[in-house]
């Protein structure tokens, strides 16, 4: 038993005392701006001489790049935490705008550097990247150079970066602002409350259908009232993105997200094809769940409904200790890391008004720490989310000694580490169940995530690809957005639901994120990819931790296809790997169907 009682509120003062009023943060931002300007000047003063001697100046630039980038990321992560913990923190919004502006200037300088790399002859380049310390960075530097060749001129890309501040990222910020003002009415014990969207969303996990149904009705109403503003926001955000793609000559809207995720289109298409071919079992689960809930068919707001009538609550302390214990079965380093995260208050979990919805993990590279944000209300799903976010943090921990430029892993492999951690805890919960009823509750919670990743994310992907094609021809109306979302949901869920959520395009933050386009398919990739790793971990036991950490260390310095080949000896462009991964998920459904076959 842990002697320490873990706090549900994170410690941010260790970075900058005083939150958005912090004088330390102001000094930090001034220094960051100075470093970015110096880096930019140094880049602009460099004319490669096309000889191996270019290596010395390039190494100097990369050192300056690292110092400036770490400062910028540190400030951005801190301000992101301030905005999440209190959506009414107006000073934090101003700071966020300042950091966005600094980021734009930094991106311009990085674009200029990448452009300079393209001016180096291929033969000289090959020599440069075989010399230490550049040799270790060869993949990332060559990748940046190749991407730069596909972009516009240095001046045009600089103009795009400058215009992004008010013409692109600001739309994402506007979305956050609109959402912070949305309140969802909910009557509890005769008293009408105004819930934040985060608090309202937690109600969809209620075991009472009346609660879920009432919240959903008001949820749709609340988002519907803002639909015109949100549609305008989404149209302008996507319009900006499409115009940039058009100028660069990029026809396929998936070109950039696939490139960011270091992934072949063939891999993505194979993954979705295998998922689509294996959805019948998921439909059987939804049909059985409907029967168990006393329904003809499930609706969108029933998808997170727990099995059974128990409102079993797990305290934050119990959840934390359970995670620590089960990480320890996999590896000592992972367990010790989780203990540090809990003891040193890396996690903001308190259930209170005024917090942003959702959960995330963010890294503060200067401090070599992470911070985790979520709202913990005691459900088994909350414990899984906590483990998921700790998986992200462990990924950063595993890479703490990797060169900075080799740490920029993409979202698809980022989701691998988080899902792996979640699997350890979810599996343990099912195995440790005290009786069959509890086992079913936990198994159902686990399957809900499979449905989310193979059906909900698929709906998002279908909607987003079709929306972008539609957007190429002009502004897309609220009615059309609803129609596209409804079509995507019906297809992804194989028509298994009675009522859908046509305004999901408005309520899902992921469609409005400007940092990464197509913030959807990497989740599913990460989930299934992690299952392959998890299967190996189960085979090899505790000794697999070192191999797992070696894989994590490589996640930002090779393509996912090469990563899978090197560490798992599999070909991701072929169906075999994906079929095995999907069938691991379906085994849970088989067990659930077997255990509930006689229940009414």
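Numbering (the working numbering), first residue to last: 594 to 1193.
The beta-carbon is built from N, C-alpha and C at its ideal position, and this holds for glycine as well.
Since the model is a prediction, treat every value here as computed from it, not as a measurement.
Endpoints, the beta strand (DSSP E) within which residue 956 is located: 953-957
Taking only the alpha-carbon atoms, compute the straight-line gap between residue 645 and residue 720 and give it to the nearest angstrom. 7 Å
In this structure, does DSSP put residue 1090 in helix, strand or coil? strand
Within its chain, find whatever has a CB closer than 6 Å to the CB of residue 864; leave out the 5 residues flanking it on each side and keep chain order. 1171
For residue 653, which of 631, 762 and 1020 has the nearest alpha-carbon? 631
Burial state of residue 595 (16 or more Cβ within 10 Å): Because residue 595 sits at a pLDDT of 47, beneath the cut-off of 50, its placement in the model cannot be relied upon, and the following sentence gives the value as read from the coordinates. Residue 595 comes out exposed.
Runs of alpha helix (DSSP H) wholly within the region 848-906 (minimum 4 residues, chain order): 848-853, 858-870 and 873-885
Confirm, please, whether the CB-CB distance from residue 978 to residue 1119 is below 7 Å. no
So, with DSSP's three-state summary, where would you put residue 705? helix
Alpha carbons only, please: which of 952, 1053 and 1080 is nearest the one belonging to residue 677? 952
When the Cα atoms are used, what is the spatial distance from residue 772 to residue 816? 9 Å
Among 1130, 840 and 942, which has the Cα closest to the Cα of residue 599? 942
Check whether the Cβ atoms of residue 1089 and residue 1056 lie closer than 7 Å to each other. no
Measure how close the beta-carbons of residue 948 and residue 791 come, nearest whole angstrom, since I'm counting them as under 8 Å. 6 Å
So for residue 1194, helix, strand or coil by DSSP? Residue numbering for the chain in the displayed model covers 594 to 1193; residue 1194 lies beyond these limits and cannot be assessed.
Strand pairing of residue 941, partner residues [DSSP]: 966
Completely contained alpha helix (DSSP H) runs for the region 597-649, where each covers 4 or more residues: 616-637
Is it the case that the region 678-698 contacts the region 761-779, given that we only count it when at least three CB pairs across the two stretches are under 8 Å? yes
Once DSSP output is grouped into helix, strand and coil, what is the label at residue 1181? helix
Reducing DSSP to helix, strand and coil, say where residue 978 ends up. helix
To the nearest whole angstrom, what separates the beta carbons of residue 1065 and residue 835, a pair I think is in contact under 8 Å? 6 Å
Spatial distance of residue 970 from residue 801 (CA atoms): 16 Å
Out of 780, 775 and 850, state which residue places its alpha-carbon closest to the alpha-carbon of residue 820. 775
Within 10 Å of its beta-carbon, does residue 669 have 16 or more other beta-carbons around it, so buried, or fewer, so exposed? buried
Three-state secondary structure assigned by DSSP to residue 1167: coil
For the region 737-751 and the region 807-814, state whether three or more C-beta atom pairs, one from each stretch, are separated by less than 8 Å. no
I need the straight-line Cα distance from residue 1186 to residue 892, nearest angstrom please. 20 Å
For the beta strand (DSSP E) containing residue 972, name the first residue and the last one. Note, residue 972: premise wrong, no beta strand (DSSP E); not H, not E.
Is it buried or exposed, residue 602, if we count other Cβ atoms within 10 angstroms and call 16 or more buried? exposed
Three or more beta-carbon pairs under 8 Å between the region 1159-1178 and the region 1129-1146, yes or no? yes
Could you give the C-beta distance for residue 1189 and residue 1006, rounded to a whole number, given that I count them as a contact under 8 Å? Not quite, the Cβ-Cβ distance comes to about 35 Å (not below 8 Å), so this is no contact.
Run through DSSP, which three-state label would residue 595 get? A caution first: residue 595 carries a pLDDT of 47, below 50, which makes its placement in the model unreliable, though a value can still be read off. Coil at residue 595, not helix or strand.
In chain order, what residues of the same chain have a beta carbon less than 7 Å from the beta carbon of residue 1104, not counting five sequence neighbours either side? 827, 1057 and 1098
Please state the DSSP three-state secondary structure of residue 786. strand
Continuous beta strand (DSSP E) stretch holding residue 778: start and end: 777-781
Inter-residue spacing [alpha-carbon to alpha-carbon] between residue 1078 and residue 928: 41 Å
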